[in-house]
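With positions in the sequence shown counted from 1, the corresponding number in our numbering is that position plus 244. Cβ atoms here follow ideal geometry from the backbone N, Cα and C, with glycine treated the same way. These notes are about the structure you will find just below.
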Amino acid sequence: MEKKSLDWANIGFHYIPTEWRYVANYKDGAWDEGGLSPDPTVAISECAGVLQYAQTCFEGLKAYTTEDGRIVTFRPDLNAERMTDTCRRLEMPVFPAERFLNALDRVVRANAAFVPPYGSGATLYVRPYMFGSDAVIGVAPSKEYQFRLFCTPVGPYFRGGVRPLTIRVSDFDRAAPNGTGHIKAGLNYAMSLHAIVNAHEEGFDENMYLDPKTRTKVEETGGANFLFVTKDGRVVTPKSSSILPSITRRSLIHVAKEYLGLTVEEREVLVTELEDMAECGLCGTAAVICPVGKIVDHGREICLPSGMSEMGPVTKKLYETLTGIQMGRLEAPEGWIRVIE
Ligand code: PLP
Ligand code: COI
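Okay, structure coming up:
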């Protein structure tokens with residue numbers, strides 16, 4: 245199979261339409277058979293639940309070409325599981341996990357020419373999503389839904405590739421206690437848009453959101469969880485019921501403990517502790533692990549000892565081990581890699 249002639253090394257994190265996507269419709273209490281479609285557009289009622297009341301959710305995962313030329317995905321069962329949790333919280337119907345995985349296999353296989361070659365620096369980002377598609381005018385769940393899954397080749401999430409970021413402690417909140425921060429609801433991202441535009445205007449790459457109730461604890465960014473490394477080499481990651489349970493972060497915790505023999509603490513992280521950290525990284529499917537060089541808390545500048553020119557040593561080891569597993573250079577734990585072809 246011949247690959248598309250894209251400038252793989254220089255694509256950013258942008259949408260490039262591919263040839264096939266999967267579409268299934270939910271009506272009268274059941275999902276239809278679904279199938280692949282060449283049509284990248286969606287036609288729905290002007291009064292659709294997604295358009296009026298933002299009843300939409302999504303997932304994000306990647307397909308990789310391994311060193312030995314296979315196409316694989318990374319822990320997609322956990323994306324299916326998280327989408328189930330999201331749908332339950334948003335009063336949306338669950339798209340069964342085995343159908344989710346089958347749709348993923350079919351779309352990636354059908355778009356194999358768009359899966360970036362091994363070593364190119366790019367990967368295939370896969371976006372499953374679901375939305376309320378029929379008309380609702382009173383505030384109520386939709387009765388009809390569409391599940392879609394498309395893919396697009398991507399490069400690094402942050403402009404300039406993997407480089408240490410400068411982030412700020414945000415005055416905007418991301419997720420309320422008992423709200424929707426722990427699920428992947430579109431609304432969490434809609435409300436973060438003003439905060440990220442404002443952060444960029446002020447010269448920051450991202451926001452560090454705090455817990456809205458006490459504004460003393462680190463939560464996450466708009467699209468990634470935090471991982472810190474203390475000056476004595478422990479890996480620390482915030483524990484909160486209002487952050488997204490990142491699959492990358494959960495995988496990195498395993499990698500840190502089982503592959504690198506590090507001590508890992510999942511616990512509340514106070515903003516006042518940031519000065520004690522040696523390294524900080526943002527982790528997620530899109531971000532992989534992006535190092536943070538500086539955190540600005542209302543004029544108080546916390547410069548991580550890892551500096552502004554490269555990843556700290558522990559972050560680098562975590563990055564190399566995780567991407568080694570994803571690209572087939574290192575043996576993966578049982579069940580982490582789903583081979584597509
Ligand atoms: N936190 C938020 C708010 C996200 O949008 C994402 C991206 O999916 C993550 C964390 C990272 O999660 P994952 O590692 O499962 O991609
Ligand atoms: C991902 O990492 O998959 C996400 O969904 C983050 C998104 C903000 C691009």
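*asked:* Quick check on the DSSP output: what are the complete alpha helix (DSSP H) runs of length 4 or more inside the segment 309 to 354, in order along the chain?
replied: 320 to 333, 341 to 354
- request: Using alpha carbons as the reference points, say which of 534, 546, 581, 541 lies closest to residue 562.
  value: 534
Hey, residue 393 and residue 511: beta-carbon distance below 9 Å or not?
no
According to DSSP, which residues form a beta bridge with residue 271?
-> 274
| message | Restricting to Cα atoms, I'd like to know which of 407, 565, 434, 530 is closest to residue 419. | response | 434
- Do three or more CB pairs link the segment 371 to 390 to the segment 335 to 343 at distances below 8 Å? yes
Give the DSSP-derived three-state secondary structure of residue 281 in the structure shown.
strand
| query | Buried or exposed: which applies to residue 556, given that a residue is buried once 16 or more other Cβ atoms fall within 10 Å of its Cβ? | reply | buried
Requested in this report: On a CA-only basis, which of 449, 361, 322 is nearest residue 411? Give me that one, please.
Outcome: 449
Rounded to the nearest angstrom, what separates residue 358 and residue 249 at their Cα positions?
9 Å
Would you mind sorting residue 544 into buried or exposed? The rule is 16 or more other CB atoms within 10 Å of its CB.
exposed
**Item:** From 271, 452, 257, 402, residue whose alpha carbon lies closest to that of residue 416
**Value:** 452
Buried or exposed for residue 403, going by 16 or more other Cβ atoms inside 10 Å?
exposed
Give me the residue from 401, 386, 263, 297 with the minimum Cα distance to residue 255. 401
Give the DSSP-derived three-state secondary structure of residue 296 in the structure shown.
helix
Are the CB atoms of residue 354 and residue 252 nearer to each other than 9 Å? no
- Item | Own chain, CB closer than 7 Å to residue 500, minus 5 neighbours either side, in chain order | 479, 506, 508, 562
- DSSP beta-bridge partners for residue 527? 469, 533
Discussion item. Quick check on the contact list: which residues have their beta carbon closer than 5 Å to a heavy atom of the ligand COI?
Written reply: 304, 467, 528, 529, 530
Going by other Cβ atoms of all chains shown within 10 Å of its Cβ, with 16 needed for buried, is residue 323 buried or exposed? buried
### Message
What I want to know is whether the C-beta of residue 409 ends up closer than 8 Å to one or more non-hydrogen atoms of the ligand PLP.
### Response
no
Within the continuous alpha helix (DSSP H) that includes residue 254, where are the two ends? It is not in any alpha helix (DSSP H) - residue 254 carries neither H nor E in the DSSP assignment.
Would you call residue 462 buried or exposed, if buried means 16 or more other Cβ atoms sit within 10 Å of its Cβ? buried
Is residue 488 near the ligand PLP, judged by its Cβ being under 8 Å from some heavy atom?
yes
**Report entry** Close beta carbons around residue 381, own chain, < 8 Å, minus the five adjacent residues each side
**Finding:** 291, 296
| From which residue to which residue does the beta strand (DSSP E) around residue 376 run? | 367 to 376
Q. When the Cα atoms are used, what is the spatial distance from residue 481 to residue 472?
A. 6 Å
Say yes only if the C-beta of residue 450 is nearer than 8 Å to one or more non-hydrogen atoms of the ligand PLP, and no if none qualify.
no
Can you grab the Cα-Cα spacing for the pair residue 560 / residue 494, in whole Å? 17 Å
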